[in-house]
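Working notes, beginning with the structure itself.
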Amino acid sequence: MNNLAVAGQAQATIAPGGALNALSADMDMFLKMLTTQMQNQDPLDPMDTSEYTQQMVQFSAVEQSIQQNATLESILATLSTQDMAKAANFLGTHAEFASPVSGLTSSEPAQWSWEADRPVTSLTATIKNLAGQVIETREIPAGPNGEFEWDGTLSSGGNAGAGVYVLELAGADSNGTSVPVGVRSVGTVDDVTLANGTVQLGVNGATMPASVLVRMVSNDG
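Residue numbers 275 to 495, in the numbering used here, belong to the letters of the sequence shown in order.
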């Protein structure tokens with residue numbers, strides 16, 4: 275009999291609708307078995323119903339848990355829809371993300387902003403692909419902060435082509451001491467999607483989770 279309760283509990287881990295159907299089928303089977311055994315029991319040695327009572331309680335608990343999970347999923351789905359509706363307002367706005375990842379297309383360069391912990395006199399930009407391979411290295415104008423755009427051109431000639439790239443900056447002060455430099459991806463939001471319950475913003479071919487969004491500026495202002 276214990277196998278029936280275990281089966282019911284296992285079904286609680288799948289989609290609520292399917293779990294309730296499976297639990298109902300298990301419950302029907304359990305009741306049929308109980309009825310059969312009660313009809314065929316020895317009148318001089320009646321069966322102990324305590325185990326069956328415990329099984330009934332377990333089925334009830336599992337059913338309640340499944341229904342609660344279904345309610346929670348419904349609430350989360352509603353919240354995700356609301357998040358999407360709010361995120362739609364981001365379309366067409368200039369955004370800044372706490373990420374060194376930026377997209378490059380044939381019509382738009384990859385763009386970043388940066389800020390050093392203190393003024394730097396030299397600044398080296400290293401651009402990598404998502405596999406970590408170095409695509410381009412060059413010196414860029416130094417200072418306390420700034421912006422950097424890359425259209426894919428390579429110092430060795432040619433073009434890196436459209437894709438998603440990562441920028442690393444190495445700064446140094448007048449004494450040659452290394453200075454930490456923070457990098458942010460920037461660009462115009464042109465797409466909003468929902469993936470695994472998380473709002474994703476499309477920016478120039480790159481997909482950024484809304485959780486790393488740090489600044490929005492309307493292109494009208």
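We put the CB at the ideal spot given by N, CA and C, even for glycine.
Please work out which residues of its chain come closer than 8 Å, Cβ to Cβ, to residue i, disregarding the five sequence neighbours upstream and downstream, and give them in chain order.
i: N478; result: S376, G377, L378, T379, E382, A384, Q385, G461, T462, D464
i: R392; result: P418, D447, V453
i: V408; result: T400, I401, K402
i: V438; result: V375, S376, G377, L378, N403, L404, G479, A480
Report the partner residues of residue i according to the DSSP bridge assignment.
i: N363; result: None, per the DSSP bridge assignment.
i: T451; result: Answer by DSSP bridge pairing: none, since T451 is not bridged.
i: S429; result: For S429, which the question treats as bridged, DSSP gives no partner whatsoever.
i: Q407; result: According to DSSP, which records beta bridges pairwise, Q407 is partnered with nothing at all.
i: R412; result: A399
i: D465; result: G476
Rounded to whole angstroms, what is the Cα-Cα separation between residue i and residue j?
i: W424; j: E370; result: 16 Å
i: G450; j: T395; result: 9 Å
i: A484; j: A390; result: 25 Å
i: L475; j: A436; result: 18 Å
i: A469; j: G406; result: 25 Å
i: V491; j: R412; result: 29 Å
i: V457; j: G471; result: 27 Å
i: V486; j: T367; result: 15 Å
i: T310; j: V473; result: 54 Å
i: G445; j: K360; result: 38 Å
Are the CB atoms of residue j and residue i within a distance shorter than 9 Å?
i: L404; j: V455; result: no
i: E421; j: S387; result: yes
i: L443; j: T400; result: yes
i: A434; j: L441; result: no
i: S430; j: P374; result: no
Might you give, ordered along the chain, the residues of its own chain that have their beta carbon closer than 6 Å to the beta carbon of residue i, omitting 5 neighbours on each side?
i: V488; result: E370, A372
i: A416; result: V394, T395, S396, L397
i: A362; result: V466
In three-state terms, what does DSSP make of residue i?
i: L487; result: strand
i: T310; result: helix
i: L378; result: strand
i: A434; result: coil
i: A399; result: strand
i: A372; result: coil
i: V477; result: strand
i: G496; result: Lying before the first or after the last residue shown, residue 496 is absent from the chain, which here runs from 275 to 495.
i: G496; result: One cannot answer for residue 496 here, as it falls past the ends of the chain, which runs 275 to 495.
i: W391; result: Checking the sequence, you will find Asp at residue 391 rather than Trp. Residue state, collapsed to three classes: coil.
Tell me which same chain residues have a C-beta within less than 7 Å of the C-beta of residue i, skipping the five on either side of it?
i: I414; result: L397, A399, F422
i: F364; result: V463, V466, L475, M490
i: G426; result: L378, N433, A434, G435
i: K306; result: none
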